[in-house]
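In UniProt numbering, the protein residues as written are 1 to 595. Written out below as structure tokens is the structure these notes cover.
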């Protein structure tokens, strides 16, 4: 009896040990899979508590270290108080000017171009005024000259400091060498125009007096103006507004020059000598500008010219006005047309769709839903199809945009965790954006699943229950559903519930055929995906009480049979002797080990 009991207990212990070894192997394989995938975190991982804030330590003098000024802070004492100030002077002294400047992306260079354009506009607008109108007098001459030479200083700094440091592309390489950048600028047309605009004609002031027309070459720095326009439009979100303002400024400048010429012609003929010339009353610039507006826009109602000079001048004004005004109108039309090109395309598509639905007598409810889809898609995305915009970009840029928009969502999908990262990048480029209206069915129960859905914005509801209308769960932005349908086969890819859009919902869709085309080039990821899909299908088919967390290393053993319990209890009452008593003592040891 003693031998049979010992063999029985040994068999029980061996069985338990073999079970432990098997469970440890399964647990090791599970941890190994998680270690291979860098994106997957452990199920047992918990957030690490942040370390407690260190208590302030008292300094030898009794002052807390927390209250003492740190080494990076700067203070100045005034009266009885200490004020914190920023060491801007120190930063300014330690600032080092860049050895090379990227003209396409450097915002500091765009800011500098703004100052150059301001100096250029000063010359373009005020040289004609000072030449024609009597606004430059000996009393205020020093103010005019001060601003003039300040503008000349800006021109000179642009030549010596900025233009010689601009990077350029040669043979596909970005050249940043100082000597090469300087030589490239000296050989360019820009350098010749910059030198020409700084011709020192001011020395003639000593012979003919301060004549503003001697500064006319300063207006030749127009290349900086057009470069500033290009750089500014590249960084503005609504560049068409700046284009409208610029075109309006062109019109105002042409009127400005014409008003200066009219005052000069009036002064040449004699102020108030005829009914056609300016009579010298009121504000001279405003009166002449008003005459220029009526002439260039050909409003009419002007006095008839009397002399031959006046007739020729007026004819030239009319011809110039018609030409300039037609050019301005055409340019303004192009600017507004480019700004509203998307809106025009949207309206054209919507009108064509409405015409089609009316021709085939589509029900009014369907027509209203189609119109709602058009309006919401346009107002939410600013376009009807995002792929039309991205198809013009190179493949690398499309990938960069797709990664920024979708990678954080797709990388969290359990099905794709552990897959090749490049495979996920290829998959991002295949995602397609779709808008669903309120109460639209995204998918229906029983249909064949050929897509996976990622919620970009909005919510969807999973319906079920006996009537199929009970809301089981509401999925929000960032959620994913339908991923098992991408790899399931043999009838396992049928939808198990109805999914309905709750309000407007923007979804990304990945089709099964696109994923299969990608997996051809990634066989290891294909094996892993099929393995995960089988596990997901198996876990979904288990009863609810079997689902849960990870498997235990030592699962709870089955209850002891009642008859065996009664025999053990009787052995205990007899004093615990015999084989049953020894077995009872052995089972207690095993129970303690398990606990």
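Even for Gly, the Cβ is constructed at its ideal location relative to N, Cα and C.
| query | result |
| --- | --- |
| Enclosing beta strand (DSSP E) for residue 463 [first to last residue] | 451–464 |
| Buried versus exposed, by CB contacts within 10 Å (16 or more), residue 597 | For the chain, the structure presents residues 1 to 595; residue 597 sits outside this window and is missing. |
| Range covered by the alpha helix (DSSP H) that runs through residue 256 | 239–269 |
| Through-space distance from residue 312 to residue 319, alpha-carbon basis | 11 Å |
| Pair within 8 Å by beta-carbon distance, residue 473 and residue 480 | no |
| Beta-carbon spacing of residue 419, residue 529 below 8 Å | yes |
| Segment limits, beta strand (DSSP E) that includes residue 102 | Segment: none, residue 102 is in no beta strand (DSSP E) and carries neither H nor E. |
| Whole-angstrom C-beta distance between residue 482 and residue 453, which should lie under 8 Å | 5 Å |
| Cβ neighbour criterion (16 or more within 10 Å) applied to residue 416 | buried |
| 8 Å Cβ cutoff met for residue 433 and residue 506 | yes |
| Residue 126: first and last residue of the uninterrupted alpha helix (DSSP H) it sits in | 107–132 |
| N-terminal and C-terminal residue of the alpha helix (DSSP H) that residue 195 is part of | 189–197 |
| Backbone secondary structure at residue 176 - three-state DSSP | coil |
| Bridge partner(s) assigned by DSSP for residue 508 | 433 and 454 |
| Bridge partner(s) assigned by DSSP for residue 494 | 448 |
| Residue 330 versus residue 223 - alpha carbon distance | 23 Å |
| Contacting residues, own chain, Cβ-Cβ under 6 Å from residue 78 (five flanking each side not counted) | Only weak support is given to the placement of residue 78: the predicted model assigns it a pLDDT of 47, under 50, and the value that follows is read from those uncertain coordinates. For residue 78, where only same-chain residues beyond five positions count, there are no Cβ hits under 6 Å. |
| Under the three-state DSSP convention, the category residue 226 falls into | helix |
| Nearest neighbour of residue 122, chosen from 527, 216, 294 and 348 [CA to CA] | 216 |
| Classification of residue 181 by the beta-carbon crowding that lies within 10 angstroms, buried from 16 upward | buried |
| Rounded distance between the beta-carbons of residue 495 and residue 443, thought under 8 Å | 5 Å |
| Length of the line joining the Cα atoms of residue 394 and residue 429 | 12 Å |
| Whole-Å CB distance - residue 423 paired with residue 525, under 8 Å assumed | 5 Å |
| Counted within 10 angstroms of its Cβ, other Cβ atoms place residue 335 as buried (16 or more) or exposed | buried |
| Option in 25, 539, 500 and 118 with minimal Cα separation from residue 229 | 118 |
| Whether residue 161 touches residue 167 by CB criterion (8 Å) | no |
| Contact set for residue 464: own chain, Cβ-Cβ below 7 Å, skip 5 residues either direction | 470, 472 and 497 |
| C-alpha distance - residue 247 paired with residue 325, whole-angstrom precision | 11 Å |
| Buried or exposed (CB count within 10 angstroms, at least 16 for buried), residue 128 | buried |
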